[in-house]
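Note that this note's numbering has the sequence shown beginning at 377, numbered continuously upward.
Backbone N, C-alpha and C fix where the C-beta goes; we use that ideal spot for every residue, glycine too.
In what follows, a single structure is set out as structure tokens and then discussed.
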Amino acid sequence: MTVVEPASPGETIDLSTAITMTGADTVQAMGITGKNIKVAVIDTGIDYQNPDLGGCFGPSCRVFTGWDFVGDDYDAGGKGPALVPHPGPDPKDCQGHGTHVSGIVGARGLVTGVAPDVRFGAYRVFGCGGSTSSDIILAAMERALGDHMDVINMSFGSDFQWPQYPTAVGADRLVTKHGIVVVASIGNRGANGLYSSGAPGVGANVIGVASFDNVKVQLPYFTVPPVPLTAPAFDGKVGYTQATGSPNAPISGGATLVRTGTLTSAADACSALTAGSLTGKVALIRRGTCSFYAKSINAQAAGAIAVVLYNNGPANVGFFTPGVEPPVTAPPSPAVAIPVVATDDRLGALLSSELVAGPVTLAWTAEMARFPTPTGDRISGFSSYGMSPDLSLKPDIGAPGGNIYSTLPVKQGGHGNLSGTSMSSPHVAGAVALLLQASPKSLRELGPANVRDILMNTATPHNRTTNERDGLDSVHRQGAGMLNIAAAVAANARVTPGKLSLGESQSGPQKHTITITSLPGTGKAVTYTFSHRSATGTGKAVTYTFSHQSATGTGSNTFSPTFNPNAAAVVFSVPSVTVKNNQSAAVDVTIAAPSSPLKGLYGGYLVVTSDEEPATTYRVPYAGFIGDYQSITVLSGSTRVCRADAAGNLSFVPASGTGTAGTFTFADATQTPIFCVHFDLQSRSVTFKARAAAGTTYSPALSFVYFPRNSSAMTVFALGWDGAVGIGASRAILANDIYEISVEVLKARGDPANPRGRHRQRGRRR
């Protein structure tokens, strides 16, 4: 049952539960607040007029520097004037995302961020809406470097990407060449399966961050009559989120609440409702089958004055934000003109049950309260899976990112809830600021790699579900686990490398060396033991033991991962080592992958435990691929030639010999061939070739390197061809003829000299 905890006047709301989850509150209580640390926020800008972020912009303000690279109207995905950036000196945010991110890093006021005394550089790379481009992001990185930033946060990305993507490469160079710690979101493509992580978060030395759901969420609420006989007693407060695409909910007044279905209705309000049946009433509607728009417009047509949607667990639990924008149709579909809000599955079920007993009056309020999150402390459903296409372990670490209440632009109310790895990344960036302030100079001089290692060593892996028997969540989903900044600040040692990317297992067990280093100034010798459970140590002479924790693996289906408990076999060369102050000890570990499922991913944690009182734990996550990575099919569907109509809609062109539909004149966009290709997995290179009727092959018609994969099993990339072949200045238009088009890919980690690393398909065009 849901228990509501109201926010007390003056309390730092909701973000406080998130910083408690990572121990940031404990570190702040020690007087470590990020003072003198400079954090760059490359994003939509910062509304520096929000008092929680200092209220001003300039050298003496918390937002002390910055630049607008784009202007309000810029949109890299737009047309005409929207494609032209209009840079300027004022990085003020008109979208809201960057302000929310900044509050998580370091707000001080109504909400308190992770590092409330950092100073900000605001680098605006997005307009008031739309997307941006890699060259603008790279320019922002260069400016942050010139402004001598200590930490850079980037809460955006290009999904399904490689470490070789431009923003990932640029971010990586900031780390390795210039000593800046770069933190980035790993992406919100959890629903799209494996290998979905985005750039720049997949950068080799970038800290790529996954999202965990907050344990509580701060929401507006309406009231209904309380139910004192429930356990625990329901006080009548129902938290909700506001749907996008509808008017905001009222803050006063009320109406009768009625339900349009039952707790088992699979298609509640998916069909037209009786005209006038909801006149003057608020409709309670269960999620499922049809779109939120369809449910809302049906209720509106029946006379409803508002809609309350609720989740339909167990597949969909917790609070959610529905979109009720009308679909693009001709003629245009009507807009939803009544407020639409959404609540979680438990509160919705409670409301539905109350309505069985009789009418219920709903009263809107202007108040907010805390509500428990049923998925709290678990990886957010939207958080992207790793690994990187080259089988590098990503993400690196996780932090709270689901249901985070933080700062917004003053014109948007000043504060609000957002969810995403966009919210977990700044939590880690703030934690880096705390660690940098807390660390002695000798430790800071070890560089950003040391920072990432310590954060990963001291993180805590979490279970996949609330059922302990389901085991730890996948390493390629949570990385090292939940950030524990209190443990990181207290760490007396680090274990390197901070993670092990094991690649493919076909060559048999792998032997690796891990090194335990006592950090400067940590005191006497320490003994470390290796075992199944571990804890971190500080202080006196300590023994460290070695152990292993297995994590849940995933099956071979890229787009719809299945989970399996098969664990690797792990053997350490010694059971324990003793490390003297400011010295190191190396230990060999041999890891044998499980034998199944073939083409699946597996992982776990090497655990290093001290003999201190209390014991301390360091972990090294590892992950790998079961079997031969080159056995994965990349081109699973047939490659087809497509044609676009005047509106840009695509249709397949029949094969040569079936008529004139395969003939292209290149006169305009409708007369240009488009190659429609589906990629199950990323490819190191993609080459299209054209073979003339006489047998001569021309190449490349098109070519790409480090190509992403499709987002789902039913999508394709549409790649236009101009009828030319060759590269650069040697590219030339082919003569009129009938050409057979083939596509060849070099698979991820494929050897150009080995045919097994290649995959070919053929099609035809006229």
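Through-space distance from Arg-635 to Val-716, alpha-carbon basis: Stepping through the sequence shown from its first residue, residue 716 is reached at position 340. Stepping through the sequence shown from its first residue, residue 635 is reached at position 259. When rounded, the distance between both Cα atoms is 14 Å.
For Pro-748, the first and last residue of its enclosing beta strand (DSSP E): Position 372 of the sequence shown, counted from the first residue, corresponds to residue 748. Segment 736-748, the beta strand (DSSP E) holding Pro-748.
Check whether Pro-997 and Val-851 have beta carbons under 8 Å apart: As a working note, residue 997 is residue 621 in the sequence shown. As a working note, residue 851 is residue 475 in the sequence shown. Contact flag set, yes.
Cβ contact check for the stretch 543-558 and the stretch 729-741: 3 or more pairs under 8 Å: no
Limits of the beta strand (DSSP E) - the one that Asn-581 falls within: Residue numbering aside, residue 581 sits at position 205 when the sequence shown is read from its first letter. Per DSSP, Asn-581 belongs to no beta strand (DSSP E) and is neither H nor E.
Alpha-carbon spacing of Ile-395 relative to Gly-430, whole angstroms: Residue 395 sits at position 19 when you count from the first residue of the sequence shown. Residue 430 sits at position 54 when you count from the first residue of the sequence shown. So the two alpha carbons sit approximately 20 Å from each other.
His-476 burial status per 10 Å Cβ neighbour count (16 or more: buried): The count along the sequence shown starts at 1 and reaches residue 476 at position 100. His-476 comes out buried.
DSSP three-state assignment for Tyr-904, whether helix, strand or coil: On the sequence shown, position 528 is the one that residue 904 refers to. Strand, per DSSP.
Through-space distance from Ser-759 to Gly-566, alpha-carbon basis: The residue you call residue 566 lines up with position 190 of the sequence shown. The residue you call residue 759 lines up with position 383 of the sequence shown. Looking at the two C-alpha atoms, the distance is approximately 5 Å.
Helix, strand or coil at Thr-834 according to DSSP, with G and I counted as helix: Along the sequence shown, one-based indexing puts residue 834 at 458. Of the three classes helix, strand and coil, the one that applies to Thr-834 here is helix, per DSSP.
Local conformation of Asp-511 per DSSP, three classes: As a working note, residue 511 is residue 135 in the sequence shown. Residue state, collapsed to three classes: helix.
Spatial distance of His-908 from Val-947 (CA atoms): As a first step, residue 908 must be located in the sequence shown, where it is residue number 532. As a first step, residue 947 must be located in the sequence shown, where it is residue number 571. Low confidence applies to His-908: its pLDDT is 33, below 50, so where it sits in the model is not reliable, and the reading given next is rough at best. Their Cα atoms are separated by approximately 11 Å.
DSSP-derived helix/strand/coil call for Asp-829: One-based indexing of the sequence shown puts residue 829 at position 453. The answer is helix: DSSP assigns Asp-829 an H, G or I state.
Extent of the continuous alpha helix (DSSP H) to which Pro-802 belongs: The residue given as residue 802 occupies position 426 in the sequence shown. Note, Pro-802: alpha helix (DSSP H), 797-814.
Span of the beta strand (DSSP E), counted from its first residue to its last, around Pro-1146: The question about residue 1146 has no answer, for the chain in this structure spans 377 to 1142.
Within 8 Å, strictly: CB atoms of Gly-778 and Phe-588: Numbered from 1 along the sequence shown, position 402 holds the residue referred to as residue 778. Numbered from 1 along the sequence shown, position 212 holds the residue referred to as residue 588. Yes. Within cutoff.
Local Cβ density within 10 Å of Phe-1042, reported as buried at 16 or more and exposed below that: Locating residue 1042 in the sequence shown gives position 666, where the first residue counts as 1. Per the 10 Å Cβ criterion, exposed.
Rounded straight-line distance, which links the Cα of Leu-1095 to that of Lys-455: Locating residue 455 in the sequence shown gives position 79, counting from the first residue. Locating residue 1095 in the sequence shown gives position 719, counting from the first residue. So the alpha carbons of these two residues sit roughly 19 Å apart.
Leu-459 classed as buried or exposed, judged by whether at least 16 other C-beta atoms fall within 10 angstroms: For the purposes of this step, residue 459 is taken as the residue at position 83 of the sequence shown. Result: exposed.
Val-591 burial status per 10 Å Cβ neighbour count (16 or more: buried): In the sequence shown, residue 591 corresponds to position 215, counting from 1. Buried, because 16 or more other Cβ atoms sit within 10 Å of the Cβ of Val-591.
Pro-837 versus Glu-518 - alpha carbon distance: Looking up residue 837 in the sequence shown gives position 461. Looking up residue 518 in the sequence shown gives position 142. C-alpha separation (whole angstroms): 35 Å.
Ser-1007 (DSSP reduced to helix, strand or coil): Locating residue 1007 in the sequence shown gives position 631, counting from the first residue. Helix at Ser-1007.
Where the beta strand (DSSP E) through Val-501 begins and ends: Here residue 501 corresponds to residue number 125 of the sequence shown, with the count starting at 1. Taken as a continuous stretch (DSSP letters only), Val-501 belongs to no beta strand (DSSP E), as it is neither H nor E.
Close-in-space but distant-in-sequence residues of the same chain around Leu-974 (CB under 7 Å, 5 per side omitted): Taking the sequence shown and counting its residues from 1, the one referred to as residue 974 is at position 598. Ser-932, Ile-1002 and Gly-1003.
Boundaries (first-last residue) of the beta strand (DSSP E) holding Leu-974: Mapped onto the sequence shown, residue 974 falls at position 598. It is not in any beta strand (DSSP E) - Leu-974 carries neither H nor E in the DSSP assignment.
Neighbourhood of Leu-521 by C-beta distance below 8 Å, restricted to the same chain and skipping five residues each side: Position 145 of the sequence shown, counted from the first residue, corresponds to residue 521. So the qualifying residues of the chain are Leu-550, His-554 and Ile-556.
Residue from Asp-772, Val-1092 and Pro-776 whose Cα sits closest to the Cα of Asp-829: Indexing the sequence shown from 1 puts residue 829 at position 453. The residue with the shortest Cα to Cα distance from Asp-829 is Asp-772.
Enclosing beta strand (DSSP E) for Ile-1117 [first to last residue]: Stepping through the sequence shown from its first residue, residue 1117 is reached at position 741. From DSSP, the beta strand (DSSP E) with Ile-1117 extends over 1115-1123.
Buried versus exposed, by CB contacts within 10 Å (16 or more), Lys-956: For the purposes of this step, residue 956 is taken as the residue at position 580 of the sequence shown. It counts as exposed.
Coarse secondary structure for Val-481, derived from DSSP in three states: Stepping through the sequence shown from its first residue, residue 481 is reached at position 105. It is helical.
Ala-927 beta carbon less than 8 Å from that of Gly-979: Looking up residue 979 in the sequence shown gives position 603. Looking up residue 927 in the sequence shown gives position 551. Against a cut-off of 8 Å, the Cβ pair of Ala-927 and Gly-979 comes out as a contact.
N- and C-terminal bounds of the beta strand (DSSP E) containing Asp-964: Your numbering for residue 964 matches position 588 in the sequence shown. Here the beta strand (DSSP E) through Asp-964 covers 960-968.
CB of Ile-681 within 8 Å of CB of Lys-671, strictly: For the purposes of this step, residue 681 is taken as residue 305 along the sequence shown, with counting starting at 1. For the purposes of this step, residue 671 is taken as residue 295 along the sequence shown, with counting starting at 1. No, the pair does not count as a contact, with Cβ atoms beyond the cut-off.
Cut-off 7 Å between Cβ atoms - residues of its own chain near Pro-1128, not counting five sequence neighbours on either side: By 1-based counting over the sequence shown, the position of residue 1128 is 752. Taken in chain order, the residues that qualify are Leu-1122.
Bounding residues of the beta strand (DSSP E) (the contiguous stretch that carries Lys-997): Indexing the sequence shown from 1 puts residue 997 at position 621. First, the amino acid is wrong: residue 997 is Pro here, not Lys. Pro-997 -> beta strand (DSSP E) spans 993-1001.
Given Ala-645 as reference, the closest of Leu-633, Thr-665, Pro-626 and Lys-657 once Cα atoms are compared: The count along the sequence shown starts at 1 and reaches residue 645 at position 269. Among Leu-633, Thr-665, Pro-626 and Lys-657, the Cα nearest to that of Ala-645 is on Thr-665.
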